[in-house]
Amino acid sequence: MMTRLMKLVSVALLITLIYLIVIDSERQISSAYEKETIQAFDARLQWWRDARFGMFIHWGPVSLKGTEIGWSRGKEIPVEIYDNLYKQFNPTAFDASEWVSIAKSAGMKYMVLTSKHHDGFCLWDTKTTAYNIMSTPFKRDVIRELSNACQNEDLPFCTYYSILDWYHPDYNISSRGGPGYSLPAGTSPQMDRYVSYMKTHLEELVMNYGPLGVLWFDGEWEEPWTEERGRDLYAYCRTLQPDLIINNRLDKKRDGMEGTSINGRQYIGDFETPEQRIGKFNTDQPWESCITIGKQWAWKPDDELKSLKECINILVNTVGGDGNLLLNVGPMPNGEIEPRQVERLKQIGQWLGKYGESIYGTRGGPIEPQPWGVTTHRDNKVYLHILQWPKEKLMLDSIPQNIVKASCLTGGKVSLSRTDQGYEILVASADRDPMDTIVVLDMEK
Ligand code: JFZ
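At position 247 of the sequence shown the residue is numbered 233 (our numbering), and the sequence of numbers has no breaks.
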């Protein structure tokens, strides 16, 4: 006969089991907003995953110096000089619709602009601080103009926001400061007060300039930021706009520049953020690599640009790994994007104009990245992006279905033969594209 204790224990076990099954079908993080079914999560991220390619923009008064945004404060540029650059910031050639049309000509499907970087300067008309664009000789609300231009052109407008703020006296880094940091005399930092300052910013950005596509947080790694604060801020932002997409940089668990989360699915935020590198193949967790077109995030005179081939290589390898690419440009102090960069972006856009069907709306795989290249797929089509032809034959041994037809998107003929080891693919050397030979396979299903 079962004792009462045994009954109690088995009921408890049953409840735990039911709980595990129910909870397991949700993205398990914590607050009400984070408990979302996988279906709802996928639906919310769909436009962004389909987009695959966006423009990142790092801009501010620091472009006057041509040094790195945020990081050069107190390093290459003394704090007193850095913090007064805004008084000369007058980018009269800024034209929001021009930036939008440059992004479009590059084939980019969304735009992420720094509204506030680590230096604390606000690119919009905020009521919270005078340290903003309206105090410059320019006196035009850049975020307003750009969000309007994006809306007019159906390009989702998104914004980057730095949690850490080396300018604001309430941001508590008395323990280990940023570059050149010293607390202003007589101030006593107060993190709770700083968080409400941030929340006002986010409310302004979402409610006055939204709906936003993505809120791209950064600067979570310093001591004053905690996981609890991250969780609270995530819920706060989703309350402002329920379908907002938020990156993983308000959690404390980011694994450095890899940008992945130490606990897999258990992180606050919707996607992972590898930085200056292509993320690893991952079809479970959404991810986005952010990579500069040159070497610096903010504008640098004569910065060394990536070649067209490098850019295409990065884009293709990213999408083949099932990620998005956020390619960064840093506009000049006069408000224009540098012509060399515009030229490169147009070349990327021309390539996408011809071969975009193998990128947009696809997912990475089914074959994981190989020494010869990567694969993408949509419906019953698989795209082989052959970046580096193997010396011998190109063998596909892990294609799960029968191939009905093979053609070459980049021109020329494909010969396909079936052997005991799998399918063999051949494109004559004259028909190979040095940038990327794209073979389209029509699959049975
Ligand atoms: C961060 C920013 O610091 C950088 O300026 C840029 O905005 C990028 C997209 O994101 O990059 C980092 C963050 C942390 C470190 C290095 C670069 N770090 O801790 O070494």
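Just so it is clear, CB atoms sit at the ideal spot from N, CA and C, and this is done for glycine as well.
Taking 7 Å as the cut-off, does the CB of residue i come closer than this to any heavy atom belonging to ligand 1?
i	result
Cys276	yes
Ile279	no
Glu209	no
Ile55	yes
Trp283	yes
Asp241	no
Asp289	no
Glu84	no
Glu261	yes
His371	no
His363	no
His154	no
Asp151	no
His104	yes
Asp237	no
His44	yes
Between residue i and residue j, how many whole angstroms is the CB-CB distance? I'm expecting something under 8 Å.
i	j	result
Tyr147	Leu188	7 Å
Tyr220	Ile232	6 Å
Pro355	Gly408	No, Pro355 and Gly408 are not in contact; Cβ-Cβ is about 17 Å, not under 8 Å.
Phe42	Leu312	4 Å
Ala82	Glu322	Contact doesn't hold; Cβ gap of about 12 Å is too wide.
Ile254	Gly216	5 Å
Leu382	Ile411	7 Å
Phe203	Ile149	6 Å
Asp289	Gly280	3 Å
Ala92	Lys332	7 Å
Asn194	Phe124	That pair is no contact at about 19 Å.
Leu236	Glu206	6 Å
Leu198	Thr145	6 Å
Phe39	Lys(-7)	At roughly 59 Å, the Cβ-Cβ gap does not stay under 8 Å, so Phe39 and Lys(-7) are not in contact.
Leu370	Leu427	7 Å
Any idea which residues DSSP pairs residue i with across the strands?
i	result
Gly339	BP columns for Gly339 are empty, so no partner.
Val302	Val302 is not bridged to any residue.
Cys108	Lys102 and Asn118
His363	Arg349 and Val368
Glu290	According to DSSP, which records beta bridges pairwise, Glu290 is partnered with nothing at all.
Val425	Leu370 and Cys394
Gly307	DSSP, once it has assigned bridges, lists no residue as partnering Gly307.
Ser148	Asp204
Glu410	Met381 and Ser403
Asn268	Paired residue(s): none; Asn268 is not in a bridge.
Asn314	Phe42 and Thr278
Asn233	Phe257
Arg59	Ile63
Phe143	Met97
Gln433	Residue 433 cannot be examined here, being either before or after the span of the chain that is shown, -13 to 431.
Tell me where the beta strand (DSSP E) around residue i begins and ends.
i	result
Lys391	Ile389 to Cys394
Ser401	Val400 to Thr405
Ser275	Glu274 to Thr278
Gly40	Phe39 to Ile43
Grab the span of the alpha helix (DSSP H) containing residue i for me, first residue to last.
i	result
Met193	Met177 to Tyr195
Ile129	Val128 to Asn138
Val86	Ala82 to Ser91
Leu219	Glu213 to Leu226
Tyr96	Looking at the DSSP string, Tyr96 is not in any alpha helix (DSSP H), and its letter there is neither H nor E.
Glu244	Element bounds for Glu244: n/a, residue is neither H nor E.
Tyr68	Val65 to Tyr68
Under 8 Å, Cβ to Cβ, is there at least one residue of chain B near residue i?
i	result
Pro376	No chain B appears in the structure shown, which is made up of a single protein chain.
Taking 7 Å as the cut-off, does the CB of residue i come closer than this to any heavy atom belonging to ligand 3?
i	result
Asp204	Within the structure as shown, ligand 3 is missing, the only ligands being ligand 1.
Can you find at least 3 beta carbon pairs, one from the region 54 to 70 and one from the region 333 to 345, that sit closer than 8 Å?
no
The region 412 to 420 in contact with the region 384 to 398 per 3-pair CB rule at 8 Å:
yes
At least three beta-carbon pairs within less than 8 Å, the region 369 to 382 to the region 327 to 340:
Judged by Cβ distances under 8 Å, the region 369 to 382 makes no contact with the region 327 to 340, as fewer than three pairs qualify.
Decide if the region 128 to 138 is in contact with the region 176 to 186; the criterion is three or more beta carbon pairs, one per stretch, under 8 Å apart.
no
State whether the region 257 to 276 contacts the region 237 to 245, with contact taken as three or more CB pairs (one from each stretch) at a distance under 8 Å.
yes
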